[in-house]
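Engineer: There's a structure below that I have some questions on.
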């Protein structure tokens, strides 16, 4: 079971998790991650809104590919990815990623892998807007190192 | 005219979409960047940077790729999701 979605409206990650679990069979392990928009940037500046620019085809395709790659790479039987695009307010969920497996290690690894790739290997461009102006966010050295762990 | 689309920072600075007449109807991605940089000198460094990847027909292409009039070329700055 593989479910990957790109959505422009707010979503409830707790409902995604409940629904994901409802659809499972004999899996003994479920790992999920929720990324939320912060109210401040790395610099400490206030952030009143996040904007996620995206590509009309490649963004969706890259999310699908990450979900499929996780299925291939780890001994998991179900994945779900939900990713926002457009405007996101502080406190709202930006991303939900979940993996289910017979045993916990594969589920942990798959969720970790999907998030590292969603962070800097999907077609999104993130801008932080605040009272002091707007700034486009680029991947950090940490993000690049996280991604390299899987290559 | 060739359609060029920008995302992220250059998309906000230049505009999402622009059109450009190519010399003799075709040129390399490298030359296309130089033409764009001449048109937008304030963004020249970013337009000429290898971190701004070029994409034609949903495929990332190299500097030597030949762009033709009917192509749509897209430029992608470094990705940041999640």
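Chains as they are written, first to last, in our numbering: chain A, 35 to 185; chain B, -14 to 67.
Every residue gets a Cβ at the ideal spot worked out from N, C-alpha and C, and that includes glycine.
Remember, predicted model here, so these are calculated numbers, not experimental data.
1. Can you pull the DSSP bridge partners for residue 66 of chain A?
2. Please list, in chain order, all residues of the same chain as residue 28 of chain B whose beta carbon is under 7 Å from its beta carbon, the five residues on each side excluded.
3. Give the interface partners of residue 129 of chain A over in chain B, defined as CB-CB distance under 7 Å, in chain order.
4. By Cβ distance below 6 Å, which residues in the same chain neighbour residue 69 of chain A in space, the five residues on each side in sequence not counted?
5. Among A:80, A:72, A:151 and A:65, whose alpha-carbon lies nearest the alpha-carbon of residue 103 of chain A?
6. Which residues, in order along the region 156 to 178 of chain A, keep a beta-carbon less than 7 Å from a beta-carbon of chain B?
7. Starting from the N-terminal side, write out each stretch of the beta strand (DSSP E) that is 3 residues or longer and does not extend beyond the region 37 to 92 of chain A.
8. Where does residue 167 of chain A fall in DSSP's three states?
9. Under the rule that 16 or more other beta-carbon atoms within 10 Å means buried, what is residue 62 of chain B, buried or exposed?
10. Between which two residues does the alpha helix (DSSP H) carrying residue 16 of chain B extend?
11. Alpha carbon to alpha carbon, what distance is there between residue 93 of chain A and residue 42 of chain B?
12. Would you say residue 35 of chain B reaches chain A, if we count a Cβ-Cβ gap shorter than 8 Å as a contact?
Structural biologist: In brief:
1. A:132
2. -5, -2 and -1
3. Residues of chain B passing the Cβ test: 67.
4. Here the set comprises 128 and 129.
5. In this structure, A:151 is the residue among A:80, A:72, A:151 and A:65 with its C-alpha nearest to the C-alpha of residue 103 of chain A.
6. Per Cβ criterion, the list reads 156, 157, 158, 159, 160, 170, 171, 172 and 173.
7. 63 to 70 and 83 to 88
8. DSSP places residue 167 of chain A within a strand segment (E or B) once states are collapsed to three.
9. buried
10. 14 to 24
11. 14 Å
12. It does not: the Cβ of residue 35 of chain B has no partner Cβ on chain A nearer than 8 Å.
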